[in-house]
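K.L.:
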Amino acid sequence: MMGGASSVRQYKVDPDSPPAISVGMFDLLVTDRSCPESVLKCAAALELPAVSPEWLIQSLIVGEQLAYDSQPQYRHDYTPPP
12 MMGGASSVRQ
22 YKVDPDSPPA
32 ISVGMFDLLV
42 TDRSCPESVL
52 KCAAALELPA
62 VSPEWLIQSL
72 IVGEQLAYDS
82 QPQYRHDYTP
92 PP
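Using the working numbering, read the sequence shown as starting at 12 and increasing by one per residue.
1. Whether or not the stretch 52-68 and the stretch 78-91 are in contact is what I'm after, with contact meaning three or more pairs of Cβ atoms, one per stretch, closer than 8 Å; do they touch?
2. Only counting runs of 4 or more residues, tell me where the alpha helix (DSSP H) segments fall wholly within the stretch 42-85, in order along the chain.
3. Using the Cα positions of A56 and Y89, report the straight-line distance between them to the nearest angstrom.
4. Where does L40 fall in DSSP's three states?
5. Roughly how many whole angstroms lie between the Cα atoms of D43 and G74?
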């Protein structure tokens, strides 16, 4: 597939249980500011980058995986200036 993705999984957060993200299950986390802190901590512990949907969209547009930190808009917690 484009950009080297072989599969996509949607992770459902259960508010009553800690996140169960296994090593090797995911390559990155596409999320926004609403992502629970517990999921972000788990992803950070597994060294998974957390990126915004904007990163995914731009990677699809250009046909290649962009650097996760090449634009501030690619941060999962990005807020545009007022």
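Just so it is clear, CB atoms sit at the ideal spot from N, CA and C, and this is done for glycine as well.
P.N.:
In brief:
1. The stretch 78-91 vs the stretch 52-68: in contact.
2. 48-56, 64-73, all fully within the stretch 42-85.
3. The alpha-carbon of A56 is positioned some 21 Å away from that of Y89.
4. Strand, per DSSP.
5. One C-alpha to the other measures close to 22 Å.
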